[in-house]
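Note sheet for the following structure.
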Ligand SMILES: Nc1ncnc2c1ncn2[C@@H]1O[C@H](COP(=O)(O)OP(=O)(O)OP(=O)(O)O)[C@@H](O)[C@H]1O
Ligand SMILES: [Mg+2]
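Numbering (the working numbering), first residue to last: 1 to 277.
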């Protein structure tokens, strides 16, 4: 086993079925491959980025790694420590328990729960990725251990300083946060779990430059202070240049090219087919 690696994605294939209407007006199902043959390595303690056009299949790959979709074929080995976990076939909940945390493209913040409840249900030692069960349990039992509350408070302080809006708004519904604040809350929640590998789907989408700078700081904190590994999807190439150690370009169902972000931005195929420059 190569101890530098935390994730080895090997020959992943994934198809979906779509219903099409042919020239004679007859409709039929057609299978199409989104991921033809994906090979990709994620190095421990580093920031790895995945870029590619809209609809290339990036989120689909994250859905497979985190157990939301089954793959048609291939293998994903996850090495949180000396153990090797074969990810395919495990439920999303088990994968989260094994230490793969995820932030979704749309944040997955529970709008009608308070800021604090959103943190508490993210605690992997509790119910991890089963938010409804965990919040029901917590409401029914009415007690949250002091420890978990302190953990959430300390995360807010570590990430945003002593005087921060999240502590002030901890008992307000999450829907009262701005979009940028919801993104930051989504990142803060990841520290509640006992994760080793974080999958971030477009962390900077729809947020202003000040929040983008904050997100860079948080990713740095995840990796440098907490020793986590980050694998992220992005369209913002200047962000990728600033935060990522490695970059993979997905096109036509494969990883068309891999290297440092500087290599990828200078690659003629990437410039022509993705960046349009
Ligand atoms: N559950 C599904 N059923 C059918 N098709 C799907 C499903 N999920 C994704 N697809 C299709 O797979 C393709 C890849 O989608 P995916 O969301 O992975 O792209 P993406 O690279 O993340 O794009 P973006 O940059 O826009 O987020 C698209 O054509 C999409 O319509
Ligand atoms: Mg996507």
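Glycine included, each C-beta is placed from N, C-alpha and C at the ideal position.
All values derive from a computational prediction rather than experimental measurement.
In terms of residue numbering, what span does the beta strand (DSSP E) encompassing residue i cover?
{"i": "residue 36", "result": "27 to 43"}
{"i": "residue 16", "result": "5 to 21"}
{"i": "residue 24", "result": "First-last for residue 24: undefined, no H or E at that position."}
{"i": "residue 192", "result": "First-last for residue 192: undefined, no H or E at that position."}
{"i": "residue 230", "result": "229 to 233"}
Tell me the rounded alpha-carbon separation between residue i and residue j.
{"i": "residue 271", "j": "residue 41", "result": "23 Å"}
{"i": "residue 214", "j": "residue 116", "result": "20 Å"}
{"i": "residue 16", "j": "residue 235", "result": "24 Å"}
{"i": "residue 161", "j": "residue 112", "result": "25 Å"}
{"i": "residue 154", "j": "residue 219", "result": "17 Å"}
{"i": "residue 11", "j": "residue 2", "result": "18 Å"}
{"i": "residue 288", "j": "residue 21", "result": "Shown here, the chain extends from 1 to 277; a query on residue 288 therefore has no answer."}
{"i": "residue 61", "j": "residue 184", "result": "23 Å"}
{"i": "residue 71", "j": "residue 246", "result": "24 Å"}
{"i": "residue 259", "j": "residue 146", "result": "45 Å"}
{"i": "residue 8", "j": "residue 196", "result": "15 Å"}
{"i": "residue 264", "j": "residue 77", "result": "25 Å"}
{"i": "residue 84", "j": "residue 95", "result": "13 Å"}
{"i": "residue 67", "j": "residue 255", "result": "21 Å"}
{"i": "residue 243", "j": "residue 73", "result": "32 Å"}
{"i": "residue 47", "j": "residue 152", "result": "24 Å"}
{"i": "residue 179", "j": "residue 43", "result": "31 Å"}
{"i": "residue 19", "j": "residue 45", "result": "43 Å"}
{"i": "residue 80", "j": "residue 25", "result": "52 Å"}
{"i": "residue 230", "j": "residue 189", "result": "15 Å"}
Would the beta-carbon of residue i be found less than 7 Å away from any heavy atom of ligand 2?
{"i": "residue 58", "result": "yes"}
{"i": "residue 201", "result": "yes"}
Any heavy atom of ligand 3 inside 7 Å of the beta-carbon of residue i?
{"i": "residue 231", "result": "Although ligand 3 was asked about, the structure shown includes only ligand 1 and ligand 2 as ligands."}
Residue range of the alpha helix (DSSP H) that residue i falls in?
{"i": "residue 177", "result": "Unbroken run through residue 177: none, as it is neither H nor E."}
{"i": "residue 264", "result": "261 to 265"}
{"i": "residue 238", "result": "237 to 243"}
{"i": "residue 79", "result": "Counting along the chain, residue 79 falls outside any alpha helix (DSSP H), and DSSP gives it neither H nor E."}
{"i": "residue 146", "result": "146 to 160"}
{"i": "residue 70", "result": "It is not in any alpha helix (DSSP H) - residue 70 carries neither H nor E in the DSSP assignment."}
{"i": "residue 271", "result": "It is not in any alpha helix (DSSP H) - residue 271 carries neither H nor E in the DSSP assignment."}
{"i": "residue 94", "result": "92 to 97"}
{"i": "residue 119", "result": "115 to 120"}
{"i": "residue 168", "result": "165 to 168"}
So is the beta-carbon of residue i under 7 Å away from any non-hydrogen atom of ligand 1?
{"i": "residue 55", "result": "yes"}
{"i": "residue 246", "result": "no"}
{"i": "residue 105", "result": "yes"}
{"i": "residue 240", "result": "no"}
{"i": "residue 52", "result": "yes"}
{"i": "residue 34", "result": "yes"}
{"i": "residue 16", "result": "yes"}
Provide the residue(s) that pair with residue i in DSSP beta bridges, ordered along the chain.
{"i": "residue 102", "result": "199"}
{"i": "residue 223", "result": "DSSP, once it has assigned bridges, lists no residue as partnering residue 223."}
{"i": "residue 108", "result": "Answer is none; residue 108 lacks a bridge partner."}
{"i": "residue 250", "result": "255"}
{"i": "residue 49", "result": "232, 247"}
{"i": "residue 86", "result": "77"}
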